[in-house]
Each structure stands twice: as structure tokens, then as C-alpha cells.
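**Q**
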Amino acid sequence: MIKFGSVLLGALVVGTLACAEDLIEPGQWKVTTMMTMNGAAAPPQAKMRCITPDQAADVAKTFGPVAGSVNSTCETPQSEMNGRALKWRLQCRGTLDLDVDGQFNFDGPRHYSATVISKGRMAGQLISDVKSELEGERVGDCTQ
Numbered sequence: 058m059i060k061f062g063s064v065l066l067g068a069l070v071v072g073t074l075a076c077a078e079d080l081i082e083p084g085q086w087k088v089t090t091m092m093t094m095n096g097a098a099a100p101p102q103a104k105m106r107c108i109t110p111d112q113a114a115d116v117a118k119t120f121g122p123v124a125g126s127v128n129s130t131c132e133t134p135q136s137e138m139n140g141r142a143l144k145w146r147l148q149c150r151g152t153l154d155l156d157v158d159g160q161f162n163f164d165g166p167r168h169y170s171a172t173v174i175s176k177g178r179m180a181g182q183l184i185s186d187v188k189s190e191l192e193g194e195r196v197g198d199c200t201q
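Here my numbering is used: the first residue of the sequence shown is 58, the next is one more, and so on.
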């Protein structure tokens with residue numbers, strides 16, 4: 058189940074943001090994730106990601122939640138853009154009940170920080186409690 062939570066959270070984090078100009082610049086981004094799963098901290102992980110001009114222009118789509126769960130139905134995600142901050146919530150119900158909250162702060166066009174909290178329950182029992190803290194930093198142009 059821990060692997061499932063990591064895969065789902067990874068999909069949510071990779072697919073995340075809202076429509077506003079100049080929030081982020083397109084280019085190559087280094088995203089560092091510090092994850093705590095069920096009380097246990099994992100070592101930080103850094104991944105590179107190329108953000109295209111189209112993705113940078115639609116941050117809600119780029120950084121917003123991606124609904125996807127087996128044997129569960131997800132509600133339409135709720136999201137709110139306020140200045141340089143994006144806040145969203147995703148709820149899914151079914152075999153696995155999932156509640157995911159994300160808060161992204163774009164403190165400049167070349168840097169953001171975020172917190173994504175995910176709680177998964179089966180038959181009312183908490184089986185997955187994940188907190189991910191992310192830091193994104195533009196490091197250059199995409200090399201494609």
C-alpha cells in the first residue's frame with residue numbers, strides 16, 4: 058500500500074497548477090521532494106522537469122491535482138488561485154477513500170515551494186498518511 062500511495066502522490070505532484078501570467082518561467086526545473094510517510098521521513102529526492110511555455114502559461118493545469126484511483130470515484134477538484142498562491146483539494150471515495158490537499162507558493166518566476174498532504178483510508182482505517190514538501194527551482198533552458 059505504501060508503494061500505491063507513493064505512485065499516486067507522485068502523479069498528483071507531477072501533474073499540478075493555475076492560469077496566471079508570469080508565475081513561473083518555462084525551462085528546466087529541479088524539484089526536490091521531502092516526504093514523510095506514516096511518520097517515517099524518506100531521504101530527499103531531486104528530479105529534473107522540463108516545463109514548456111504552454112505548461113507555464115496554465116499553472117492550474119500543470120500543478121493542479123490529477124484524479125486517478127482504482128475502484129474509487131473522484132470529485133471535481135476544488136482549486137483557488139490567490140495572487141502567487143495556488144490551493145487545491147481532491148477527494149476520492151470508494152474502495153480507497155483519498156483526501157489530498159495542495160498549497161503552492163510561487164515566490165518568483167524561478168522558484169516555488171509547496172506542501173501536499175494525502176490521507177488514504179480503507180473501511181474507515183487510515184492506511185496512508187503522506188506529507189510531501191517540495192521546492193522547485195529553475196536551473197536553465199530545457200535540453201530537448
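Idealized CB from N, CA, C, for every residue including glycine.
1) State yes or no: is the C-beta of Lys118 within less than 9 Å of the C-beta of Gly193?
2) How is Thr200 classed by DSSP in three states: helix, strand or coil?
3) In chain order, which alpha helix (DSSP H) runs of at least 4 residues are fully inside the stretch 84–140?
4) Straight-line CA distance for Ala113 to Phe120?
5) Which residues bound the beta strand (DSSP E) around Arg150?
6) Where does Glu194 fall in DSSP's three states?
**A** Looking at the coordinates:
1) no
2) coil
3) 110–114 and 116–120
4) 10 Å
5) Ala142 to Gly151
6) strand
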